[in-house]
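K.L.:
Residue numbers (the UniProt record's numbering), protein chains in the order written: chain A, 1 to 358; chain B, 1 to 358; chain C, 1 to 358; chain D, 1 to 358.
Protein chains: 4
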Amino acid sequence: MSGVWGNKIKYSIFGESHGKSIGIIIDGLPSGIDLDLEEIDREMRRRAPGKNKLTTARNEKDEFEIQSGYFNGKTTGTPLCIMIKNSDQHSRDYEKTKNLLRPAHADYTGFIKYSGFNDYRGGGHFSGRLTAPIVFAGAVAKQILREKGIIIGSHIKSIGSIEEDYFDDINIKEELLNRLANKEFPTMDEEKALKMKDEILKCKEKMDSIGGVVEGAILNLPPGIGSPFFNSVESTISSLLFSIPAVKGVEFGAGFNISKMKGSEANDEFYIEDGNIKTYTNNNGGILGGITNGMPIVFRVAFKPTPSIAKEQKTVELVSKENTTIKIQGRHDPCIVQRAVPIVEAAAAIGILELVLS
Amino acid sequence: MSGVWGNKIKYSIFGESHGKSIGIIIDGLPSGIDLDLEEIDREMRRRAPGKNKLTTARNEKDEFEIQSGYFNGKTTGTPLCIMIKNSDQHSRDYEKTKNLLRPAHADYTGFIKYSGFNDYRGGGHFSGRLTAPIVFAGAVAKQILREKGIIIGSHIKSIGSIEEDYFDDINIKEELLNRLANKEFPTMDEEKALKMKDEILKCKEKMDSIGGVVEGAILNLPPGIGSPFFNSVESTISSLLFSIPAVKGVEFGAGFNISKMKGSEANDEFYIEDGNIKTYTNNNGGILGGITNGMPIVFRVAFKPTPSIAKEQKTVELVSKENTTIKIQGRHDPCIVQRAVPIVEAAAAIGILELVLS
Amino acid sequence: MSGVWGNKIKYSIFGESHGKSIGIIIDGLPSGIDLDLEEIDREMRRRAPGKNKLTTARNEKDEFEIQSGYFNGKTTGTPLCIMIKNSDQHSRDYEKTKNLLRPAHADYTGFIKYSGFNDYRGGGHFSGRLTAPIVFAGAVAKQILREKGIIIGSHIKSIGSIEEDYFDDINIKEELLNRLANKEFPTMDEEKALKMKDEILKCKEKMDSIGGVVEGAILNLPPGIGSPFFNSVESTISSLLFSIPAVKGVEFGAGFNISKMKGSEANDEFYIEDGNIKTYTNNNGGILGGITNGMPIVFRVAFKPTPSIAKEQKTVELVSKENTTIKIQGRHDPCIVQRAVPIVEAAAAIGILELVLS
Amino acid sequence: MSGVWGNKIKYSIFGESHGKSIGIIIDGLPSGIDLDLEEIDREMRRRAPGKNKLTTARNEKDEFEIQSGYFNGKTTGTPLCIMIKNSDQHSRDYEKTKNLLRPAHADYTGFIKYSGFNDYRGGGHFSGRLTAPIVFAGAVAKQILREKGIIIGSHIKSIGSIEEDYFDDINIKEELLNRLANKEFPTMDEEKALKMKDEILKCKEKMDSIGGVVEGAILNLPPGIGSPFFNSVESTISSLLFSIPAVKGVEFGAGFNISKMKGSEANDEFYIEDGNIKTYTNNNGGILGGITNGMPIVFRVAFKPTPSIAKEQKTVELVSKENTTIKIQGRHDPCIVQRAVPIVEAAAAIGILELVLS
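Written out as structure tokens, the structure is:
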């Protein structure tokens, strides 16, 4: 069972890449919220391919249609359902290789889990396309959080081995996050962006792919949000981040680097200024004992390179049970990190909203 | 709300470090399971301090008392509750510094979340002591998994900057995991162990602390366990790993390193041998599309250095709202990684059992 | 938050009577199930109005469209979503009386809960129309149960004060339940049916409405299904039965009558026959300690009379806050019991399937 | 899995009648609540036997010990656990009849569900004793509700066929509920009480037992609490009422009687007085569309007669699989309705608190 998350607000996703439609139900939203549909649209277009030469040539229409829960421009408080019709489906792209297991894809695992009955076309329910409804839900969550002054943003921290700076975890400015949100390739450093894009194009030419890391931040969270143990901020947000296909690592604050520090170095010492309690450093990423302390939440998400590469790969034929090879056809992104940025923000927004409203 | 996790089996924890007792209820266990109480005892002693000079001098008795759910040597199938009485509590250690916020601890965040009503003594509900019931539950989970041939183990990957090798993610042997489980300081390499322990002692002398990374593995999981999206293996296990105090990073397979790889390098190509489908490499850590593929699950958990250090630190006095300093008294581990090893295994066991039984 | 139920299988409903569509997502179905779409269609038509003079003249099309989770004639095991487009909506019927609180309807309570933002047209999310997706889900559940030999059926026990016999709770035959399922007005006794229909028509002429009781049965459940306390068979099924609009009472076995019995009379004594343990009587309705004992589950559901009557009624004008009267226009069923029969069966099916699969 | 209920606040029960202890964890309580422990004690003593000749001679000590979640006289906001030690256990009472199925008890169903591994002594986990922790939790819930002005009370509506009046569902006074709470045998009419007690004693002499109905009420709930469909007030409260052992029927408002009414008779017409919207009648029991409308919530719970009677009954011997008879020894209440009153109130309190806080 894959598709239901949440306690205060419950999210239920559905859909296969080549089925009739994909979508999501959001149950538990407060009533009376003005949804800025144009802004939601912009969020979803940050994810959609077909925009530039870095991404696929496919032309996915991610136009969502609201089915319920929205009346006279505001949320009703009843379950809000959106549907995104599927189109532009070259089903024949997938028929030939139906029984060949694409390495690093979920062909094999999906086949076993669903006993061979899953819709394999275009990745079926495993398709990255299913992140579109998540971005919608995240966009709604972001708007509710924004009303409370809470801002979420991110940037591409690295593509392959090309890295740019971390966020200044003490002092992330809202304007920076806004500027990043408006960039097609969101980095803080323009030169690094060029190098990263270069790297992606090189991979494309070599019929290969490349991964990367997205760094996210949540600003202006009041202290006291979250719980120790099972409902910690880290548990809640990571469970959503790891729901995103292709994610293999999540860290908060100084993350894995904190394990190399001494306590005297890692501990974030407190001070008070104008009645506000802050810390000089923020290696804990704004979270202590699973609960926010008022400092910016910072986290990083590691994405593996796109599994679909045109190079010939060794594999197994599922029916004949023979070793063989595969050359994946079709049009695939050499790097999904750029498209993953709004999905990372959506996941973080959904997670932190759950805790804020609890 | 912190203490309830799970769907098929529900785990509810309770307790404060200086309250009457701490414990856990496990609801949903199959009936008729022979619990090896001695083995559970051994698991819990892996966690308990007072054993050697690396750990604290405190003498916590972690003797659990079964209250229900266990009759004539077997689980009844009804809720199983254990209680661990608290003792050896030097409450006066904490009274003096009640209003001083210990850096990197949950004093501040707990105070805000619980509006000042939390039991602050010894960390209260935030105390690392609350991991004892989790280790109990994990020990039970491990026994049920073992009956199905599924084995969980781990080793200390690094202490500070001193690292030992990764597990061989293609070919981890059960005997290796068993040997590690019987070591007080579980590493694969004895010399590295000596260097690591040395590092810890140095920190102790300098009144400082140090962090580290634990690497875990789950063997013999059949393919097909888990789900895409919200109930992926990564989501499920990470939500429990991030429940452990002091964890700031979780990664699976090649983890953050996978983001630096090309697809041709990262993709785990399939082959079939004796009717079993395997992969030549295992950068995906045994998980594809959130579902197991039959290869070993490998993951890493990053622990921050113990927050309690004797060095003087800047902080805030909560009542007077003034900047001041604190020198933490009492007896504290310079490194908790060694003690965290069984907790990491417990978390992984609880998580994977949930998915296996779903 | 209204729309999510379940643990093993999760059901999420959405929709307003006059929104774009209504529907449901069923998440957690086993894969590979042959869904008999024609049978599901028949179930849904048992509920749909416009069939005879007893019911409304409205012509609701309850044609469902499967969006996901179904491929090549079988369930995929991924979330199954259906959508039912709304049509035939006379929105103007509702505009005039928008601020008049219809007695016994959810106009007032929905207005308060959703702070006035709910879609009031046609009852919005409160519309009995939302039971159509529930009947779909129940039809799917029934098919899965039928595969296991478990049969669910029901009959109209009473309309107003006109009653027919109870089921023979010791010996309900599958053929009886099948015959009832094929009747438009399902009673065991034809004469009683005529009297009941007569009663309904009389009410219609008097611009009034009437209630009734549906009695349901579940056959061939093995013993051992359910749990004591929170997940008892009664708790699980009643929580779904009371989800049906207009339900005000639920009882199992001898129900409220059992409270008048002595123990010597009420106790169902055991006997064994051909290796099967049975009871001579079945006042406990097949459930002991919240768990099935192998005897038929019998239960009753009380429906209040349709709130919408044409007679003038006293009420309040919501905006002006004045006492006034209302005469409800439009086309309304004088009795919904006949239509509720498949909804009762659906609710029971969903509930018992959850427990069977747990 | 029986023991976990709730969303906003989670309740986990544990315990067997003859195990070490029974208890409950309440997770999600707000912090800083002054718990009146004496009042909780009084609630629990309303349930405890050994008080008069109507009830059993057993002397259960239901003294609860708080293990966590309570500090300096107030809730901490962390999980609150109480334990009630078991004592006064005549385990030998049960050894002789271990394999005889007591009619109307859960011996058989528990045996099947738990594959014979359940603790059968004294009913084990099925023991009515497990309602003691529920009364504790209900007492806490009642205090929180009281702070918000919401009052819960009840009376014995009937014992066998001896009935007293219903509550005046329009105009239930708080003083009446308080007076009833202080009565050992809570009825509104003293003469009826005498007749009822007489009936109970007659049954006791005849070695038989008798059932009854408890009617409950919830006052001062604001309108707007609850949801349509799955989280309706009726669904939520009934799921808890049906968790109470021996309950076979639950109804709200006019309940089953409403099914006999016409719409013109059943509909509760609205009026406004001093700015408050009320209804002239209250056949809907204060709930419309699953949501409160501000009128008193009234409901009824039907209890079957105590299964344990001394008369000889037919049964089956589980091991030899033979038809035989049983004469139940030991000390048993001829009627549990009197003791069930605080349990009914506890269930209603827990249920409505969940909705109030959602």
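Cβ coordinates follow ideal geometry from the N, Cα and C atoms, glycine included.
What are the complete beta strand (DSSP E) segments, minimum 3 residues, inside the region 228-281 of chain A?
P.N.:
247-252, 270-273 and 276-279
K.L.:
Thinking C-alpha only, which one of B:I272, B:E312, B:R331 and B:S239 is nearest B:I350?
P.N.:
B:S239
K.L.:
Excluding the 5 residues preceding and the 5 following A:G77 in the sequence, name in chain order all residues of the same chain whose CB lies nearer than 7 angstroms to its CB.
P.N.:
So the list reads L29, P30 and S31, once near-sequence residues are dropped.
K.L.:
If we count the other Cβ atoms within 10 Å of its Cβ and call it buried at 16 or more, is C:E251 buried or exposed?
P.N.:
buried
K.L.:
Per DSSP, B:L100 forms a beta bridge with which residues?
P.N.:
B:E317
K.L.:
To the nearest angstrom, how far is it from the Cα of B:I277 to the Cα of B:N283?
P.N.:
16 angstroms
K.L.:
So, does the region 205-216 of chain B touch the region 304-319 of chain B, judging by three or more C-beta pairs under 8 angstroms?
P.N.:
yes
K.L.:
State yes or no: is the beta carbon of A:N231 nearer than 7 angstroms to at least one beta carbon in chain D?
P.N.:
For A:N231, no Cβ of chain D is located within less than 7 angstroms of the residue's own Cβ.
K.L.:
Along chain D, which residues have their Cβ under 9 angstroms away from the Cβ of A:N7?
P.N.:
N7 and K8
K.L.:
Touching or not, the region 328-339 of chain D and the region 289-306 of chain D, by the rule of three or more beta carbon pairs under 8 angstroms?
P.N.:
Yes, since at least three Cβ pairs between the region 328-339 of chain D and the region 289-306 of chain D fall closer than 8 angstroms, the two stretches touch.
K.L.:
Counting only Cβ pairs nearer than 7 angstroms, list the residues of chain B close to D:P307.
P.N.:
Neighbours of D:P307 on chain B: none; closest Cβ ~19 angstroms, over 7 angstroms.
K.L.:
Measure from the C-beta of C:N118 to each C-beta in chain A and report whether the shortest distance is under 7 angstroms.
P.N.:
yes
K.L.:
How would you call B:V319, buried or exposed, if buried means at least 16 neighbouring beta carbons within 10 angstroms?
P.N.:
exposed
K.L.:
So with CB distances below 7 angstroms, who are the chain D contacts of C:Q313?
P.N.:
N267 and E269
K.L.:
Is A:R45 near the ligand SAM, in the sense that its beta carbon is under 6 angstroms from a heavy atom of that ligand?
P.N.:
By its list of ligands, the structure shown contains no ligand whatsoever, and the ligand SAM lies outside what it can speak to.
K.L.:
Could one say the Cβ of C:Q143 lies closer than 7 angstroms to chain A's Cβ atoms, at least one of them?
P.N.:
No, its Cβ sits nowhere closer than 7 angstroms to a Cβ of chain A.
K.L.:
Quick one: complete beta strand (DSSP E) runs, 3+ long, within the region 280-315 of chain B?
P.N.:
Runs of the beta strand (DSSP E) lying entirely within the region 280-315 of chain B, each at least 3 residues long, are 297-303 in chain order.
K.L.:
Could you give the first and the last residue of the continuous beta strand (DSSP E) run that contains D:G110?
P.N.:
Taken as a continuous stretch (DSSP letters only), D:G110 belongs to no beta strand (DSSP E), being part of the alpha helix (DSSP H) at D107 to K113.
K.L.:
Once you ignore the five residues that flank C:K248 on each side, which residues in its own chain have a CB closer than 8 angstroms to its CB?
P.N.:
A302, F303 and K304
K.L.:
On the three-pair Cβ rule with 8 angstroms, is the region 122-132 of chain D touching the region 167-185 of chain D?
P.N.:
no
K.L.:
I need the DSSP call for B:T324, collapsed to helix, strand or coil.
P.N.:
The answer is strand: DSSP assigns B:T324 an E or B state.
K.L.:
So which residues of chain D does B:E16 contact, with C-beta pairs closer than 8 angstroms?
P.N.:
S68, G69, F71, T76 and T78
K.L.:
Quick one: does B:F64 have its CB under 7 angstroms from some CB of chain A?
P.N.:
It does not: the Cβ of B:F64 has no partner Cβ on chain A nearer than 7 angstroms.
K.L.:
When you compare the CB of D:H155 with every CB in chain C, is at least one pair closer than 7 angstroms?
P.N.:
no
K.L.:
Sort out for me which residues DSSP pairs A:V135 with in a bridge.
P.N.:
DSSP, once it has assigned bridges, lists no residue as partnering A:V135.
K.L.:
The alpha helix (DSSP H) with C:E191 in it runs from where to where?
P.N.:
E190 to E205
K.L.:
Could you say which of A:V316, A:T324, A:I326 and A:G289 lies nearest to B:D107 if we only look at CA atoms?
P.N.:
A:G289
K.L.:
Report the rounded CA-to-CA distance for D:M44 versus D:I343, giving the unit in angstroms.
P.N.:
Spanning the alpha carbons of D:M44 and D:I343 requires a straight line of approximately 9 angstroms.
K.L.:
Which residues does DSSP list as the beta-bridge partners of D:H155?
P.N.:
D:E215
K.L.:
Can you grab the Cα-Cα spacing for the pair D:D41 / D:L353, in whole Å?
P.N.:
As the crow flies, the alpha-carbon of D:D41 is around 20 angstroms from that of D:L353.
K.L.:
From this set, D:D165, D:K173, D:G216 and D:N220, which residue's C-alpha is nearest D:A193's C-alpha?
P.N.:
D:D165
K.L.:
Can you tell which of B:K74, B:S2 and B:G216 has the C-alpha that lies nearest to the C-alpha of B:R300?
P.N.:
B:G216
K.L.:
Using a Cβ-Cβ cut-off of 8 angstroms (strictly less than) and excluding sequence neighbours within five positions of C:D36, which residues of its own chain qualify?
P.N.:
Q143
K.L.:
Residues of chain B with a CB under 8 angstroms from the CB of D:V20: which are they?
P.N.:
The residue asked about is misnamed: residue 20 of chain D is Lys in this sequence, not Val. What D:K20 touches in chain B, judged by beta-carbon distance under 8 angstroms, is E65, I66, Q67 and S68, going in chain order.
K.L.:
Kindly say whether D:Y166, judged by its beta-carbon, lies nearer than 7 angstroms to any beta-carbon of chain B.
P.N.:
Chain B, which has no Cβ nearer than 7 angstroms to the Cβ of D:Y166, makes this no.
K.L.:
With 7 angstroms set as the bound, which would you pick, yes or no: does the beta-carbon of C:L219 sit closer than that to a beta-carbon of chain D?
P.N.:
no
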